[in-house]
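Okay, structure first, notes after.
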Amino acid sequence: MSLVREESSTLGAASPAEYAAGPEEFFSLLKPRVMSLVVLTALAGMLVAPASVHPVVGFAALLAISIGAGAAGALNMWWDCDIDALMARTRLRAVPSGLIAPGEALYFGLTLSLLAVLTLATVANFLAGALLAFTIFFYVVIYTMWLKRLTPQNIVIGGAAGALPPVVGCAAVSGSVSLDSLLLFAIIFMWTPPHFWALALVKSRDYERAGVPMMPNAKGPSRTRLEILIYSLLLAPLGVAPWLTGMAGRLYGAASIVSGAMLLALAVQVYRNRDGSDANKAAMRLFWFTILYLFVLFGFLVVERGFGLFERWGL
Amino acid sequence: MDQPRRSDIALTEGQLRNRRRRNLAIGLAVGFVAILFYVITIVKVGPGVFQPMR
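One line per chain: the protein sequences are A and B, in this order. FYI, in our numbering the residues of the first sequence are 1 to 315. FYI, in our numbering the residues of the second sequence are 316 to 369.
In structure tokens:
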């Protein structure tokens with residue numbers, strides 16, 4: 001594994017790209033849509049923690065976690081700018097399109113990572129800061145730099161980074177890691193493969209051109225469809241588990257059962273539709289639904305716990 | 316070949332505008348963080364921080 005890039009020679013040079021970008025391009029480096037999921041999942045982790053904090057401290061901790069996740073995204077875009085330029089889905093990102101120089105993305109990501117970790121450690125506690133630092137390290141070094149271009153299991157193992165925000169949130173509030181937060185971790189961990197592989201089924205040529213061994217272009221679409229189905233079969237009951245363990249109430253239970261059944265139905269469609277435009281449509285439907293599914297699960301959890309419905313209604 | 320010095324680079328109007336906007340965004344972010352840390356300090360230490368020491 002080489003952690004030193006050849007393009008690092010550009011870091012010291014002033015290129016026209018260094019002056020072109022506005023604040024919105026820098027904000028796009030943080031992957032705002034991913035950040036919104038991180039905010040929701042980390043908030044859920046904070047709300048299921050066996051303790052509570054002052055709202056201002058909670059807000060600052062949530063802000064630090066989301067900025068840390070965004071900083072990891074910026075570092076990902078710095079490292080992956082060569083393959084991002086080769087894929088239709090990512091070639092318009094700020095770095096490959098030349099609006100932001102790779103060095104700028106690197107410094108931006110490093111600065112925000114440091115600020116986010118120090119802020120969380122100061123505002124909340126050392127464990128939360130350390131967990132956030134580990135999350136960023138895992139996403140940038142283990143996933144982006146090492147696994148992504150090495151193995152089709154890249155997003156399975158790398159998914160741990162995306163699954164950690166509830167654990168970090170719980171640690172920020174309680175100073176410990178609870179079983180409830182680990183259950184939320186497991187849900188996101190199991191959610192990651194069907195989510196990314198559904199997209200990869202449609203974009204497999206993109207990934208192949210960039211040399212990224214995603215499951216469809218490394219092991220074939222049939223194996224991918226089977227694994228999507230297996231992970232969905234594991235995910236759907238796992239999504240209901242917070243209700244069964246008493247972490248969430250009946251509102252969540254009903255939402256997780258209905259959305260889990262829909263997820264399974266869509267995964268079966270992906271498994272059965274193997275050719276032509278129907279296959280792509282089924283895969284994209286599953287991809288978009290997985291996003292909705294995660295929002296539904298964590299959204300209901302946040303609503304129940306955050307607005308006191310869990311206690312007030314005896315849910 | 317020598318790299319051009321930053322002072323030798325003539326920025327376009329759009330680049331200058333973006334630089335001003337970037338500076339404004341950084342300023343606002345720093346101000347926000349300063350206020351946030353001030354409020355957090357008050358929350359954590361409590362209003363007693365304003366009491367004179369005996």
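Beta carbons are placed, not taken as given, at the ideal position from N, Cα and C, and that holds for glycine. Since the structure is predicted, the reported quantities are computational estimates derived from the model, not experimental observations.
Per DSSP, reduced to three states, the secondary structure at A/Val212 is coil, with no helix or strand assignment. Three or more Cβ pairs closer than 8 Å define a contact, and the stretch 175-182 of chain A falls short of that threshold against the stretch 250-269 of chain A. By the C-beta criterion, the stretch 140-151 of chain A is judged not to be in contact with the stretch 184-192 of chain A, since fewer than 3 inter-stretch pairs fall below 8 Å. A/Ser28 has its alpha-carbon roughly 14 Å from the corresponding atom of A/Asp84.
Going by C-alpha positions, A/Ala267 is about 15 Å away from A/Ile257.
By the Cβ rule, the stretch 115-127 of chain A counts as touching the stretch 167-174 of chain A, because three or more pairs are nearer than 8 Å. Within chain B, Ile355, Val358 and Lys359 have C-beta atoms less than 9 Å from the C-beta of A/Val57, given in sequence order.
Going by C-alpha positions, B/Glu328 is about 20 Å away from B/Ile341. Under the three-state reduction of DSSP, A/Phe307 is assigned to coil, being neither helix nor strand. Chain order gives the chain B residues near A/Val123 as Ile355, where near means a beta carbon separation below 7 Å. From the listed residues A/Ala163, A/Val123, A/Pro23 and A/Thr151, the smallest Cα separation to A/Ala69 is found for A/Ala163. Proximity of chain B to A/Pro102 at the Cβ level (cut-off 7 Å) is not reached, the minimal Cβ distance being about 16 Å.
Non-local beta-carbon contacts of A/Ala241 in its own chain, meaning distances under 7 Å to residues more than five positions away in sequence, involve Leu183 in chain order. At a C-beta separation below 9 Å, B/Ala349 has no neighbours in chain A, since its nearest C-beta there lies roughly 12 Å away. The beta carbon of A/His54 falls within 8 Å of a beta carbon belonging to chain B, placing the residue at that interface. Taking C-beta separations shorter than 6 Å and ignoring five residues to either side along the sequence, B/Arg334 has no partners in its chain. Residues of the stretch 28-44 of chain A with a C-beta atom less than 8 Å from some C-beta of chain B do not occur. For B/Gln366, the three-state secondary structure derived from DSSP is coil.
Per DSSP, A/Tyr271 is one residue of the alpha helix (DSSP H) stretching across Arg250 to Arg272. For A/Ala60, the neighbours in chain B by C-beta distance under 7 Å run, in chain order, Leu351 and Ile355. In this structure, A/Tyr139 and A/Asn76 form a Cβ contact; the two beta carbons are roughly 7 Å apart against a cut-off of 8 Å.
With respect to A/Arg209, A/Met87 sits close: the two C-beta atoms are nearer than 8 Å.
Between A/Gly159 and A/Phe189, the C-beta gap is smaller than 8 Å, which places the two residues in contact. With the criterion set as a beta carbon lying under 7 Å from some beta carbon of chain A, the members of the stretch 328-350 of chain B are Gln330, Asn333, Arg334, Arg336, Arg337 and Ala340, in sequence order. Per DSSP, the continuous alpha helix (DSSP H) segment holding B/Val345 begins and ends at Glu328 to Val360. Taking a Cβ-Cβ cut-off of 7 Å, the neighbours of A/Gly22 in chain B comprise Asn333, Arg336 and Arg337, given in sequence order. Distance check between A/Met35 and each of A/Val53, A/Pro23 and A/Ala72 places A/Ala72 closest, using alpha-carbon atoms only. Just measuring C-alpha positions, the residue of A/Pro152, A/Ser97 and A/Arg93 sitting nearest A/Pro213 is A/Pro152. DSSP places A/Trp191 inside the alpha helix (DSSP H), whose first and last residues are Leu179 to Val202.
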